[in-house]
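Anchor point for the sequence shown: position 178 equals 1503 in the working numbering, and the numbering is continuous, going up by one each time. We treat Cβ as the ideally placed atom computed from N, Cα and C, and that holds for glycine.
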Amino acid sequence: MKKVIIDCDPGVDDALALVLAVTKPCLDILAITTVMGNVSGDRTIRNAKLLLNSLNSTIPLAKGAMKPLVKDHVFTNVHGEDGLANLSDQLESDNYPFYTNNNAVELMSEILDESSEPITIIALGPLTNIATLLNEYPDLKPKIKEISIMGGGIGVGNVTDYAEFNVFVDPEACEVVLNSNVPIVMATLNSTLQANLLEEDVKKFEILSTPLAKFLHKIMLSYAKFDSALHDPVSVLWVSNPELFQTKSVHLQVHTQDDSNRGKTYIIEGKKPNIQYITSLNRELIINEILNSFKMIKDLS
1326 MKKVIIDCDP GVDDALALVL AVTKPCLDIL AITTVMGNVS GDRTIRNAKL LLNSLNSTIP
1386 LAKGAMKPLV KDHVFTNVHG EDGLANLSDQ LESDNYPFYT NNNAVELMSE ILDESSEPIT
1446 IIALGPLTNI ATLLNEYPDL KPKIKEISIM GGGIGVGNVT DYAEFNVFVD PEACEVVLNS
1506 NVPIVMATLN STLQANLLEE DVKKFEILST PLAKFLHKIM LSYAKFDSAL HDPVSVLWVS
1566 NPELFQTKSV HLQVHTQDDS NRGKTYIIEG KKPNIQYITS LNRELIINEI LNSFKMIKDL
1626 S
């Protein structure tokens, strides 16, 4: 089993990614942490509690950064005001018994420090928690096997012409991570936009009968009106099913100046690579992996 920590900002596609990860037998999830992003930090932690309760999870959960390292938090309405397509009241309880008093960075650092083997971090939101971890505990870098990041775009954006949302929210944090010398694999928009839901894909999920699966189907339908790409599940599947992807090693940097290019990620040719980024993927197999994870929900709940 691969030991992982998941840092996320639920979020519709985060919700899909969390369910996918929890149902993967090959992943040993040591902790889940939240960060502001798609919605406020208070909303993301509540959504994580709701989802984990619905899965009967016992995974430790901690709340992380409520704002970016430098600038104010930027919101979008793609995920609804509550982050779950305004349907979060359909989940039963946010009283999650495995919520810890530690903040996200404290929990991650303790787990890394106590681990006898390196751990993979799956980062599905702005990189504020991860950057803070690397800044405050640089001696723990050897304990990080890899950071699988959903973020960035090379020549493409979804907030501005060239900036992807997670990086745009906290480009200073992204800069810290890119310069950390920790192994990084990025699922940029260049690949996640290939993992798009088609109408016939969504129909496959209609047959699922558990309350959580039905809920996930509803939020998928709402989300698909604005964005049909399954961004965050790609970063989970890179860790669990790397055979579904092709990657390229490059040197990537991020624009942090407060101008129209803020949050833009770009390749510097001829410089030593600091990341791999996913260049292509098997869309049909990715959809099937997510569908299979939904089918497994009944066995977990």
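Proximity below 8 Å, CB of residue i to CB of residue j
| i | j | result |
| --- | --- | --- |
| I1370 | I1354 | no |
| A1448 | I1479 | no |
| F1540 | L1416 | yes |
| N1491 | G1476 | yes |
| T1517 | A1554 | yes |
| P1335 | P1393 | no |
| W1563 | V1510 | yes |
| V1484 | F1493 | yes |
| T1348 | M1545 | no |
| L1432 | L1465 | no |
| I1592 | V1575 | yes |
| L1376 | P1558 | no |
| T1590 | V1579 | yes |
| G1588 | P1496 | yes |
| S1440 | Q1519 | no |
| N1428 | G1366 | no |
| D1419 | K1374 | yes |
| L1386 | T1425 | yes |
| L1345 | I1615 | yes |
| E1461 | V1481 | no |
| A1512 | I1474 | yes |
Residues that residue i bridges to, as DSSP identifies them
| i | result |
| --- | --- |
| M1433 | Note: M1433 sits in no beta bridge, so no partner. |
| F1570 | L1606 |
| Q1578 | Y1591 |
| A1488 | K1589 |
| K1596 | Partner(s): none; K1596 has no beta bridge. |
| I1479 | T1590 |
| Y1424 | L1386 |
Residue i in three-state terms, based on DSSP
| i | result |
| --- | --- |
| K1327 | strand |
| V1473 | For the sequence presented, residue 1473 should be read as Ser rather than Val. In the structure shown, S1473 sits in a strand (DSSP, three-state: E or B). |
| A1520 | coil |
| T1445 | strand |
| D1438 | helix |
| A1456 | helix |
| D1583 | coil |
| L1386 | strand |
| D1332 | strand |
Buried or exposed by the 16-neighbour rule on C-beta atoms within 10 Å, applied to residue i
| i | result |
| --- | --- |
| P1467 | exposed |
| Q1601 | buried |
| D1624 | Model confidence at D1624 stands at a pLDDT of 49, short of 50, so the residue's coordinates are unreliable; what they give is reported in the following sentence. The residue is exposed, with fewer than 16 neighbouring Cβ atoms inside 10 Å. |
| P1422 | exposed |
| N1372 | buried |
| P1536 | exposed |
| G1595 | exposed |
| M1597 | It is Lys, not Met, that sits at residue 1597 in the sequence shown. Flag for K1597 reads exposed. |
| C1351 | exposed |
| N1378 | buried |
| N1599 | buried |
| P1463 | exposed |
| I1532 | exposed |
| L1522 | buried |
| M1361 | buried |
Opening and closing residue of the alpha helix (DSSP H) in which residue i lies
| i | result |
| --- | --- |
| A1512 | That residue, A1512, is in no alpha helix (DSSP H); its beta strand (DSSP E) goes 1509-1512. |
| A1340 | 1337-1347 |
| L1416 | Neither: L1416 is in no alpha helix (DSSP H) and is coded neither H nor E. |
| L1562 | 1556-1565 |
| G1366 | 1366-1379 |
| V1502 | 1496-1503 |
Bounding residues of the beta strand (DSSP E) (the contiguous stretch that carries residue i)
| i | result |
| --- | --- |
| A1356 | 1352-1359 |
Below-8 Å beta-carbon distance, residue i vs any chain B residue
| i | result |
| --- | --- |
| L1533 | Looking at the structure shown, chain B is missing, and only one protein chain is on hand. |
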